[in-house]
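A.B. asks: 277 is the number that this note's numbering gives to position 296 of the sequence shown; each next residue is one higher, with no gaps.
Supplied in structure tokens, the structure appears directly below.
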Amino acid sequence: MAAERVSAMLAMSDTAYRDLFDDELRARLEALTDLVLPEPVATFADPAVRAALERTDVLVTSWGCPPLDAGVLAGAPRLRAVFHAAGSVKHHITDACWERGLAVTTAAAANAVPVAEYTLAAILSAGKRVPQFAAGFRAHPGEFGWRADVADASNYRRVVGVVGLSRIGRRVVDLLRPFELTVLVADPYADPVAVAAMGAELVELDDLLVRSDVVTLHAPSLPETHHLIDARRSALMKDGATLINTARGALVDHTALTAECERGRLHAVLDVTEPEPLPPDSPLYRLPNVVLTPHVAGAMGTECRRLTALALDELERFAAGVPLEHEVRHADLVMQA
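Written out as structure tokens, the structure reads:
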């Protein structure tokens, strides 16, 4: 059966488009679709865009896509699918999209790759106490004697706790397999047999915090996970343990974490915070036992093209009439970031 020729529109910011598309991916998009407009759009209010939307079968979206509300959909009678070349669809997919029955896909699986790689690097760096050694060397240039003041540095037979067996959490567990580490998982929805098959142990969150040398967060931001790591749970963590957060800033009570880090009891690697960014006077910027990065764990640079390739794979499946592999279900959104 021949693939259907569909009309498509790109809906994203110019910055996103430059990151997501190179000449090869643009050529692939044009081979798969008839573009109703040559360039991406970041608003549906423009009359020329609205006229083109009337002829659009599918949208390829990413960061900067405006919400697809009932008003927009009313002007898009042919629209049947949205292929999102990024992670979360919560910012632009509205109830009207689900009521319309649009097919919606996400490239979250592709975005999970660099986040998991960043996390692996952070775990190994934390175990080896790289941030503390780097800070100490900066404070004592040309000297080695101070190294004894840094806590035991090792990734041998340490315990890593993974909170949330999400796409990223699963990938982190898989990346940890080659190392001589004990991996614990806390996730109320995970299957103990499946976790064991991954080489990890499913435990309660409090148990994980007590036992782990490094704790990495991969849970969604939901009302029930707000400040999941609060003052009580921060206090459960081992002296010298490291908390890594590449998920959502709201998972952590930063007041409680700051107090523990100021005491020198805990270490932290934070790629996301609450608020984001932290105010300039936050002590976390200055503490030698804290590494702050500006939300860079996800796809950046050429990594973004992995997202585009996945979205175009899904578009190709749609045009060929075969099942989609990364479709988002409305019922599943509540458990997604």
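Beta carbons: idealized from backbone N, C-alpha and C, even for Gly.
Where in the segment 187 to 239 do unbroken runs of the beta strand (DSSP E), each at least 3 residues long, occur, reported from the N-terminal end onward?
C.D. replies: Listed in chain order, the complete beta strand (DSSP E) runs (minimum 3 residues) inside the segment 187 to 239 are 195 to 198 and 223 to 226.
A.B. asks: If you pair each beta-carbon of the segment 188 to 206 with each one of the segment 235 to 242, do three or more pairs fall below 8 Å?
C.D. replies: As far as the Cβ criterion goes, the segment 188 to 206 does not touch the segment 235 to 242, which means the pair count is below three.
A.B. asks: Could you compute how far the alpha carbon of A290 sits from the alpha carbon of R36?
C.D. replies: Looking at the two C-alpha atoms, the distance is approximately 24 Å.
A.B. asks: Please confirm whether A216 has its beta-carbon closer than 9 Å to some beta-carbon of chain C.
C.D. replies: The chain inventory of the structure shown lacks chain C, comprising one protein chain alone.
A.B. asks: If distances are taken between C-alpha atoms only, which option among R158, C285 and A301 comes closest to T(-4)?
C.D. replies: Per the Cα distances, C285.
A.B. asks: Rounded to whole angstroms, what is the Cα-Cα separation between F160 and A231?
C.D. replies: Cα to Cα, F160 sits roughly 30 Å from A231.
A.B. asks: Flag A55 as yes when its Cβ comes closer than 8 Å to any non-hydrogen atom of the ligand HEM, and as no otherwise.
C.D. replies: Absence of the ligand HEM from the depicted structure is noted, as is the absence of any ligand whatsoever, leaving it without description.
A.B. asks: A156 to A88, Cα distance in whole Å?
C.D. replies: Note that residue 156 is Leu in the sequence shown, not Ala. Approximately 20 Å, taken between the alpha carbons.
A.B. asks: To which residues of the same chain is A93 closer than 6 Å at the C-beta, ignoring the five residues directly before and after it?
C.D. replies: Counting only Cβ-Cβ distances below 6 Å, and skipping sequence neighbours, we find R148, I149 and R152.
A.B. asks: Measuring only the C-alpha atoms, how far is H72 from V53?
C.D. replies: Cα-Cα distance, rounded: 15 Å.
A.B. asks: Quick one, are the C-beta atoms of N226 and D187 less than 9 Å apart?
C.D. replies: Cβ atoms of N226 and D187: not closer than 9 Å.
A.B. asks: Ends of the beta strand (DSSP E) at V17?
C.D. replies: Where V17 is concerned, there is no enclosing beta strand (DSSP E), given that its DSSP letter is neither H nor E.
A.B. asks: In this structure, what does DSSP give as the bridge partners for A(-12)?
C.D. replies: In the sequence as displayed, the identity of residue -12 is Ser instead of Ala. D15.
A.B. asks: Label W44 either buried or exposed according to how many other C-beta atoms from any shown protein chain fall within 10 Å of its C-beta, with 16 as the threshold for buried.
C.D. replies: W44 is buried by the Cβ-count criterion.
A.B. asks: Among Y(-2), G245 and V41, whose alpha-carbon lies nearest the alpha-carbon of L293?
C.D. replies: Minimum Cα distance to L293 is reached at V41.
A.B. asks: Nearest CA to the CA of L60: which residue from L83, I74, K109 and T75?
C.D. replies: For the residues L83, I74, K109 and T75, the minimum Cα distance to L60 belongs to L83.
A.B. asks: Using alpha carbons as the reference points, say which of D313, G142, M(-7) and L165 lies closest to A67.
C.D. replies: Of D313, G142, M(-7) and L165, the residue nearest in Cα terms is M(-7).
A.B. asks: At what residues does the alpha helix (DSSP H) containing A51 begin and finish?
C.D. replies: Counting along the chain, the alpha helix (DSSP H) containing A51 begins and ends at A51 to A55.
A.B. asks: Exposed or buried, E5, counting other C-beta atoms within 10 Å across all chains shown (16 or more means buried)?
C.D. replies: Result: exposed.
A.B. asks: For the segment 68 to 92, which segments carrying the beta strand (DSSP E) assignment without a break, of at least 3 residues, lie completely within its bounds, in sequence order?
C.D. replies: Entirely contained in the segment 68 to 92, the beta strand (DSSP E) runs reaching 3 residues are, in chain order, 84 to 87.
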